[in-house]
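If you're matching them up, the sequences are chains A and B in order.
Residue 115 in my numbering sits at position 115 of the first sequence; the count goes up by one each step and never skips.
Residue 582 in my numbering sits at position 98 of the second sequence; the count goes up by one each step and never skips.
For glycine and all other residues, C-beta sits at the position ideal for the given N, C-alpha and C.
Here's the structure, in structure tokens; my notes come after.
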Amino acid sequence: MKHWEVVIGIETHVQLSTASKIFSGSSTAFGSAPNLQANAVDIALPGVLPVLNRAAVECAIRFGLAVGGEVAARSVFARKNYFYPDLPKGYQISQYELPVVCGGSLPIQCGENEKLISLTRAHLEEDAGKSLHEGLGPTAQGRSGIDLNRAGTPLLEIVSEPDMRSAAEAVAYARALHALVRWIGICDGNMQEGSFRCDANVSVRPAGEVRLGTRREIKNLNSFRFLQQAIDYEVQWQIATIEDGGSIEQSTVLFDPASGETRAMRSKEDAHDYRYFPDPDLLPLIVDRQWVEQVRAELPELPAARRARLIADCGLSAYDAGVLTASLDLANYYEATLATAGKENAKICANWVMVDLAARLNREDREIGQSPVSATQLGGLIARIADGTISTSMARKVFDELCNSGHTSSADEIIARQGLQQISDDSALTALIDDLLAANPGMVAEFRSGKEKAFNALVGQVMKATRGQANPQRVSELLRRRLG
Amino acid sequence: MSLTLDQVHRIAHLARIEVDETEARRTLGQLNGIFGLIETMQAVDTQGVEPMAHAQDLAQRLRPDCVTENDQLAWRSAFQAIAPEAEAGLYLVPKVIE
């Protein structure tokens with residue numbers, strides 16, 4: 001059997017976090033009743049003119065800088081012409097020949113390997129409205145309902161080069177991009193609400209072939225799982241088609257999550273004849289250097305830099321640093337625990353944030369921003385583990401208490417109130433051990449006859465007698481000395 | 485360069501303009517006349533001239549990101565009063581589904 005190479009490029013529609021639309025003063029809030037956020041511009045009444053939203057442009061500049069692309073000093077809006085009922089003007093305002101951002105790249109982590117995915121461009125455009133085909137009233141039989149609330153919502157369309165070679169890489173790219181746009185605050189990343197949607201261009205070619213195969217574009221994938229499933233299916237379908245002697249026809253396909261299959265949309269021969277031309281309603285967009293530099297100065301430290309710093313300064317593994325920089329909130333939370341617990345405890349902090357806290361958040365279906373424990377509280381707790389005041393098992397109890405305390409108590413207060421300090425006083429422990437040995441001559445005899453199990457049972461007895469407050473390691477040491 | 489009759493029909497279809505054979509032939513003549521003018525202009529040396537995106541040499545004005553619309557219920561009623569069909573706040577159109 002021949003070896004096939006998979007080639008994937010991704011186009012992503014990122015909904016920009018602005019209060020108002022890209023060309024009108026309508027709200028962009030999600031979930032309003034139909035057509036209550038669609039004004040004369042959005043529904044394309046005659047005689048209206050679009051006026052560009054400054055914040056949407058600024059989002060594009062932020063993105064351009066974050067990926068090391070070139071922010072164009074001059075870019076041009078163009079009309080993309082097609083007819084569809086949820087596109088009231090009969091064209092979408094987009095950018096074509098001169099987009100606002102050119103080039104740039106995004107590092108992705110795929111298993112152990114880091115790879116740099118090149119970006120072609122990013123351009124500003126408006127979203128279309130929504131067509132509803134179901135759930136309409138009885139008088140609307142044979143009709144589709146049109147809701148134009150989404151029409152005119154600002155989008156940044158980010159186009160990658162065909163640099164990905166597997167579904168896993170495509171997902172890693174989508175995840176990295178998703179994390180980045182949230183990190184720099186240009187998109188809320190809500191995929192259910194359609195704030196981040198991917199189209200995947202997929203083709204296959206025999207290994208070693210230089211020319212690209214014919215691609216099919218899978219439209220509108222709004223979850224990472226669907227992206228993976230859709231590409232897996234598409235790749236296997238394309239290979240099977242070619243191996244059966246068929247050929248791939250360039251087309252647009254939809255992914256059906258129920259069947260796990262992709263299927264071609266009713267083919268429209270003019271689907272791609274958009275007859276772009278510069279929009280005479282809009283003048284060229286000029287972005288001066290001063291504006292770009294101002295945006296650059298306001299950019300947060302980017303995920304890749306943050307990751308590198310956590311590895312170099314805190315000695316974290318690449319994996320831990322990757323997990324902890326999944327979002328800006330998480331990275332900030334982690335570093336705030338370090339500020340209280342001390343950088344020397346970076347690894348313990350990482351474990352607590354990634355394991356105990358993550359499990360709790362997951363159970364309660366919360367984001368890090370709604371953590372029941374503040375970073376200062378958690379840092380305070382970790383400091384007490386590190387200096388030996390409490391054992392790890394005690395710390396779990398204190399952690400639960402902190403979670404339930406509603407940000408009011410500190411770890412120190414809970415430890416003091418409940419008397420949970422580890423008993424580090426050897427004389428107290430030794431006295432306890434002596435009492436126990438006297439009370440359990442049978443176990444002592446068993447131990448002396450060579451049964452290691454009996455020793456563990458004795459340690460258990462001491463831990464029980466101290467309600468877990470003894471350091472088990474110290475107990476073992478003292479016990480061995482006593483029995484030795 | 486000159487157009488064919490098929491191309492005229494295709495352009496008309498893309499723009500959703502209905503043209504009959506007579507109109508198409510007339511349009512073909514007019515469009516080819518325009519292409520003739522363009523061909524004449526192609527002779528001008530435009531080396532080093534930046535392509536023009538707009539007839540006015542101005543920059544796009546930007547608007548602050550503020551929601552300026554209110555009383556959208558009243559506006560929607562007004563807009564939908566002139567729509568051919570509307571129901572429950574939605575504009576209705578002949579069924580479109582892929």
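Hey, residue i and residue j: beta-carbon distance below 9 Å or not?
| i | j | result |
| --- | --- | --- |
| D163 (chain A) | S131 (chain A) | no |
| A539 (chain B) | P284 (chain A) | no |
| V292 (chain A) | L65 (chain A) | yes |
| C314 (chain A) | L282 (chain A) | no |
| N512 (chain A) | L36 (chain A) | This structure cannot speak to residue 512 (chain A), because chain A is shown only from 1 to 484. |
| A33 (chain A) | A55 (chain A) | no |
| S410 (chain A) | G380 (chain A) | yes |
| L576 (chain B) | I43 (chain A) | no |
| L644 (chain B) | L515 (chain B) | The shown model of chain B, from 485 to 582, leaves out residue 644 (chain B), and the question about it has no answer. |
| E125 (chain A) | G104 (chain A) | no |
| E569 (chain B) | R289 (chain A) | no |
| A341 (chain A) | I382 (chain A) | yes |
| P487 (chain A) | H123 (chain A) | No answer is possible for residue 487 (chain A): it lies beyond the span of chain A, which begins at 1 and ends at 484. |
| I414 (chain A) | S405 (chain A) | yes |
| A297 (chain A) | N332 (chain A) | no |
| A168 (chain A) | W4 (chain A) | no |
Residue i touches chain B at which residues, Cβ-Cβ below 9 Å?
| i | result |
| --- | --- |
| V51 (chain A) | Q544, R545, L546 and R547 |
| L136 (chain A) | E571, A572, L574 and L576 |
Is the shortest distance between the beta-carbon of residue i and the beta-carbons of chain A less than 9 Å?
| i | result |
| --- | --- |
| A537 (chain B) | yes |
| A499 (chain B) | yes |
| G573 (chain B) | yes |
| E502 (chain B) | no |
| V577 (chain B) | yes |
| R560 (chain B) | yes |
| L557 (chain B) | yes |
| Q526 (chain B) | no |
Name, please, each residue of chain B whose Cβ falls closer than 7 Å to the Cβ of residue i.
| i | result |
| --- | --- |
| V57 (chain A) | L546 |
| V71 (chain A) | By Cβ distance, chain B contributes nothing, its closest Cβ being about 15 Å from V71 (chain A), past 7 Å. |
| H13 (chain A) | Here the premise fails: no neighbours, minimum Cβ distance about 18 Å. |
| N222 (chain A) | What N222 (chain A) touches in chain B: nothing, since even the nearest Cβ is about 16 Å away. |
| V76 (chain A) | A537 |
| F255 (chain A) | Within chain B, no residue comes near F255 (chain A); the closest Cβ sits about 13 Å away, beyond 7 Å. |
| L282 (chain A) | Q544 |
| P278 (chain A) | A537 and H538 |
Report the neighbours of residue i on chain B: residues whose CB is nearer than 8 Å to its CB, in chain order.
| i | result |
| --- | --- |
| I286 (chain A) | A543 and Q544 |
| D273 (chain A) | L498 |
| A33 (chain A) | G573 |
| T139 (chain A) | E571 |
Please confirm whether residue i has its beta-carbon closer than 9 Å to some beta-carbon of chain B.
| i | result |
| --- | --- |
| G25 (chain A) | yes |
| Q37 (chain A) | yes |
| S160 (chain A) | no |
| P85 (chain A) | yes |
| G64 (chain A) | no |
| D147 (chain A) | yes |
| N81 (chain A) | yes |
| L98 (chain A) | yes |
| A40 (chain A) | yes |
Going along chain A, which residues have a C-beta under 9 Å from residue i?
| i | result |
| --- | --- |
| I581 (chain B) | S131, H133 and S144 |
| V492 (chain B) | Ordered by position in chain A, no residue passes the 9 Å Cβ test against V492 (chain B), which lies about 14 Å from the chain. |
| Q540 (chain B) | L283 |
Run the proximity test for residue i: is its beta-carbon closer than 8 Å to any non-hydrogen atom belonging to the ligand FMN?
| i | result |
| --- | --- |
| T389 (chain A) | Ligands in the displayed structure: none, and consequently the ligand FMN is not present. |
What does residue i touch in chain A if you count any residue whose Cβ is under 7 Å from its own?
| i | result |
| --- | --- |
| L489 (chain B) | Result: empty, since nearest Cβ-Cβ is about 17 Å, beyond 7 Å. |
| F563 (chain B) | I43 |
So which residues of chain A does residue i contact, with C-beta pairs closer than 8 Å?
| i | result |
| --- | --- |
| T511 (chain B) | Neighbours of T511 (chain B) on chain A: none; closest Cβ ~16 Å, over 8 Å. |
| V551 (chain B) | A19, S20, G25, S26 and S27 |
Using a Cβ-Cβ cut-off of 9 Å, state whether residue i counts as contacting chain D.
| i | result |
| --- | --- |
| R54 (chain A) | Included in the structure are the protein chains A and B, with no chain D among them. |
**Any alpha helix (DSSP H) of 4 or more consecutive residues that is wholly inside the segment 138-217 of chain A** = 167-183
**Prompt:** Fully enclosed by the segment 5-85 of chain A, which beta strand (DSSP E) runs are 3 residues long or longer?
**Reply:** 77-81
**Prompt:** Okay, do the segment 463-478 of chain A and the segment 495-510 of chain B touch, 3+ Cβ pairs below 8 Å being the bar?
**Reply:** no
**Message:** Under 8 Å, with one C-beta from each stretch per pair, do the segment 10-17 of chain A and the segment 155-169 of chain A reach the 3-pair mark?
**Reply:** yes
**Item:** Ordered list of beta strand (DSSP E) runs contained in the segment 243-306 of chain A, each at least 3 residues
**Value:** 251-256 and 261-264
**Request:** Examine the Cβ distances between the segment 217-227 of chain A and the segment 187-197 of chain A and report whether three or more of them are shorter than 8 Å.
**Result:** yes
**Item:** Validate contact between the segment 399-414 of chain A and the segment 360-373 of chain A using beta carbons, cut 8 Å, 3 pairs
**Value:** yes
**Request:** Taking only runs that begin and end inside the segment 414-443 of chain A, name each unbroken alpha helix (DSSP H) of 4 or more residues, in chain order.
**Result:** 426-439
**Prompt:** Given 8 Å as the limit, is there contact between the segment 172-180 of chain A and the segment 96-116 of chain A, that is, 3 or more CB pairs closer than that?
**Reply:** yes
**Request:** Pick out the complete beta strand (DSSP E) segments inside the segment 95-127 of chain A, 3 residues or longer, and give them in chain order.
**Result:** 105-110 and 113-126
**Request:** Would you check if the segment 206-216 of chain A and the segment 244-252 of chain A touch, i.e. whether three or more CB-CB distances between them fall below 8 Å?
**Result:** yes
**Asked** Does the segment 307-324 of chain A come within contact of the segment 78-87 of chain A, defined as at least 3 CB pairs closer than 8 Å?
**Response** no
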